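Reading the sequence shown from the start, the letters are residues 10 to 263 in our numbering. Using N, Cα and C, we set each Cβ at its ideal position, and we do this for glycine too. These numbers come from a predicted model, not from an experiment.
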Amino acid sequence: MARKKRRTLHDEEEHVDESWLIPYADLLTLLLALFICLFSMRTEDQAKSDAMMEALYKAFNTISVFETSSGGQSPSNTSFTDNKDNAEKLPNPIDSSKEVPKEDTDEKKLQDLMVKLQNYIDVKQLNAEIQLTDMDEGIQIMLKDKIIFDSGSDHIKPNFFPILDGIAEMLLTVENPIKIEGHTDNQPIHSAQFPSNWELSGARALSVVHYLQTKNINPVRLNFVGFGEFKPLHPNDTVENREANRRVNIIILR
Numbered sequence: 010m011a012r013k014k015r016r017t018l019h020d021e022e023e024h025v026d027e028s029w030l031i032p033y034a035d036l037l038t039l040l041l042a043l044f045i046c047l048f049s050m051r052t053e054d055q056a057k058s059d060a061m062m063e064a065l066y067k068a069f070n071t072i073s074v075f076e077t078s079s080g081g082q083s084p085s086n087t088s089f090t091d092n093k094d095n096a097e098k099l100p101n102p103i104d105s106s107k108e109v110p111k112e113d114t115d116e117k118k119l120q121d122l123m124v125k126l127q128n129y130i131d132v133k134q135l136n137a138e139i140q141l142t143d144m145d146e147g148i149q150i151m152l153k154d155k156i157i158f159d160s161g162s163d164h165i166k167p168n169f170f171p172i173l174d175g176i177a178e179m180l181l182t183v184e185n186p187i188k189i190e191g192h193t194d195n196q197p198i199h200s201a202q203f204p205s206n207w208e209l210s211g212a213r214a215l216s217v218v219h220y221l222q223t224k225n226i227n228p229v230r231l232n233f234v235g236f237g238e239f240k241p242l243h244p245n246d247t248v249e250n251r252e253a254n255r256r257v258n259i260i261i262l263r
């Protein structure tokens with residue numbers, strides 16, 4: 010009986026499971042590797058730390074490849090420093106937020122034109138005959154008819170040509186459309202050429218359009234309208250008011 014019992018104990022000792030030693034050994038290996046890395050990254054040895062970081066970068070961030078003599082592909086030897094230099098050479102992206110909107114540029118040109126026109130009027134001492142106004146519609150140049158036309162006529166006076174030439178030259182500095190308006194007072198006109206103030210106001214506006222076209226202003230920019238006596242500035246009850254109502258407006262539209 011004693012001999013049989015010893016055989017059983019021996020059998021149990023032969024079947025002891027020792028598989029836990031493998032993961033335990035792996036854990037010790039990983040801990041050793043960790044301590045080696047921590048030791049090599051000591052702050053007092055900055056050169057070794059930088060060298061290791063560059064080696065890691067090359068190992069894990071290599072993009073370009075080249076063919077080896079065996080026909081396979083191997084990572085290139087591009088260094089971390091080279092990649093950094095190439096990144097610094099890249100042009101800065103354009104900041105689209107700093108681009109000036111076209112509407113702002115056009116408005117600035119229009120305001121510059123108004124300043125030039127006012128200076129021109131001041132130099133020529135024409136403030137009594139020409140009035141400049143900044144309206145929502147655009148920049149309006151109001152011309153009293155007495156400096157442009159004879160009474161009942163749609164022919165531009167020859168002595169007004171130089172003044173209109175100066176205005177036309179400044180109008181070439183912008184590309185805005187231009188509207189020409191003709192206005193009269195309420196005094197009726199009955200002639201073979203102009204049965205009413207409608208025809209007279211329209212013909213006067215058209216005369217200005219034709220003249221501006223001869224000064225190289227694109228006709229696509231030009232349009233005209235005759236309002237007759239129906240858009241007066243003042244009541245037609247005095248000589249002065251009727252004179253103010255007879256006018257031609259050149260409007261540089263926004």
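Original post:
Among GLN127, LEU180, GLU208, which one has its Cα closest to the Cα of PRO228?
Top reply: Working through the sequence shown from its first residue, we reach residue 228 at position 219. When only C-alpha atoms are compared, the closest one is LEU180.
Subject >> Environment of LYS155 [buried if 16+ CB atoms lie within 10 Å] >> reply: Walking along the sequence shown from the start, residue 155 turns up at place 146. Classification for LYS155: exposed.
Subject >> Start and end residues, alpha helix (DSSP H) containing MET179 >> reply: For the purposes of this step, residue 179 is taken as the residue at position 170 of the sequence shown. First-last of the alpha helix (DSSP H) with MET179: 170-180.
Original post:
Considering LEU152, what are the terminal residues of the beta strand (DSSP E) in which it resides?
Top reply: Locating residue 152 in the sequence shown gives position 143, where the first residue counts as 1. First-last of the beta strand (DSSP E) with LEU152: 147-153.
**OP:** Hey, could you find the ends of the beta strand (DSSP E) GLY235 is sitting in?
**Re:** Here residue 235 refers to the residue found at position 226 of the sequence shown. 231-237 is the span of the beta strand (DSSP E), which, as asked, contains GLY235.
Original post:
How would you write the range of the beta strand (DSSP E) that ARG251 sits in, first residue to last?
Top reply: Taking the first residue of the sequence shown as position 1, residue 251 is located at position 242. No beta strand (DSSP E) contains ARG251, which is instead part of the alpha helix (DSSP H) from 248-254.
**OP:** Answer yes if the segment 228-246 comes into contact with the segment 119-136, meaning at least three C-beta pairs across the two stretches below 8 Å, and no otherwise.
**Re:** no
Original post:
Rounded C-beta distance between GLU157 and VAL218? I'm assuming under 8 Å.
Top reply: Residue mapping note: residue 157 aligns to position 148 of the sequence shown, counting from 1. Residue mapping note: residue 218 aligns to position 209 of the sequence shown, counting from 1. In the sequence as presented, Glu is not what sits at residue 157; that position holds Ile. 13 Å between Cβ atoms; not a contact.
Subject >> Straight-line Cα distance separating VAL248 from GLU138 >> reply: Here residue 138 corresponds to residue number 129 of the sequence shown, with the count starting at 1. Here residue 248 corresponds to residue number 239 of the sequence shown, with the count starting at 1. Approximately 16 Å between the Cα atoms of the pair.
Original post:
How close, in whole Å, do the beta carbons of LYS188 and ASN232 come, if the pair is a contact with beta carbons under 8 Å?
Top reply: For this step, residue 188 is matched to residue 179 along the sequence shown. For this step, residue 232 is matched to residue 223 along the sequence shown. So it is a contact: roughly 5 Å between Cβ atoms.
Original post:
Residues bridged to GLU309 by DSSP?
Top reply: Any property of residue 309 remains undetermined from this structure, which presents the chain solely from 10 to 263.
**OP:** Report the three-state DSSP secondary structure of GLN202 (helix, strand or coil).
**Re:** Within the sequence shown, residue 202 is the residue found at index 193, counting from 1. Coil, per DSSP.
Original post:
Got a sec, what are the start and stop residues for the alpha helix (DSSP H) PRO156 sits in?
Top reply: One-based indexing of the sequence shown puts residue 156 at position 147. Per the sequence presented here, residue 156 reads as Ile, with Pro not at that position. ILE156 -> no alpha helix (DSSP H), and no H or E assigned at all.
Subject >> Residue of ASP159, LEU30, SER162, THR182 minimising C-alpha distance to LYS125 >> reply: Here residue 125 refers to the residue found at position 116 when the sequence shown is read from its first residue. LYS125 has its Cα closest to that of THR182, out of ASP159, LEU30, SER162, THR182.
Original post:
Using DSSP with H/G/I as helix, E/B as strand and the rest coil, what is LEU141?
Top reply: Looking up residue 141 in the sequence shown gives position 132. In this structure, LEU141 counts as strand in the three-state DSSP scheme.
Original post:
When you compare only the Cα positions, how much space is there between PRO32 and LEU47?
Top reply: Position 23 of the sequence shown holds residue 32. Position 38 of the sequence shown holds residue 47. Approximately 22 Å between the Cα atoms of the pair.
Original post:
What are the partner residues of ILE165, as DSSP defines its beta bridges?
Top reply: Position 156 of the sequence shown, counted from the start, is the residue given in the question as residue 165. According to DSSP, ILE165 bridges with PHE158.
Subject >> Proximal residues to LYS240 (C-beta, below 7 Å), its chain only, five neighbours per side dropped >> reply: Taking the first residue of the sequence shown as position 1, residue 240 is located at position 231. Hits under 7 Å: HIS192.
Original post:
By how many angstroms is the C-alpha of THR114 removed from the C-alpha of ARG255?
Top reply: Position 246 of the sequence shown holds residue 255. Position 105 of the sequence shown holds residue 114. Their Cα atoms are separated by approximately 35 Å.
Subject >> Own chain residues within Cβ distance below 8 Å of GLU178, not counting five before or after >> reply: Locating residue 178 in the sequence shown gives position 169, where the first residue counts as 1. So the list reads LYS224, once near-sequence residues are dropped.
Subject >> Cα-Cα separation, ALA253 to LEU135 >> reply: Numbered from its first residue, the sequence shown carries residue 253 at position 244. Numbered from its first residue, the sequence shown carries residue 135 at position 126. Roughly 15 Å between the two C-alpha positions.
**OP:** Could you check how far apart the C-beta atoms of LYS166 and ASP159 are, in whole angstroms? I think they sit under 8 Å.
**Re:** Here residue 166 is taken as the residue at index 157 of the sequence shown, counted from 1. Here residue 159 is taken as the residue at index 150 of the sequence shown, counted from 1. Sure, about 7 Å apart at Cβ, within 8 Å.
Subject >> Secondary structure of GLU184, DSSP reduced to three states >> reply: Looking up residue 184 in the sequence shown gives position 175. The answer is coil: DSSP assigns GLU184 none of H, G, I, E or B.
**OP:** Go through its chain and collect everything with a Cβ distance to ARG263's Cβ below 6 Å, but skip five positions before and after it.
**Re:** Taking the first residue of the sequence shown as position 1, residue 263 is located at position 254. The residues are GLY147.
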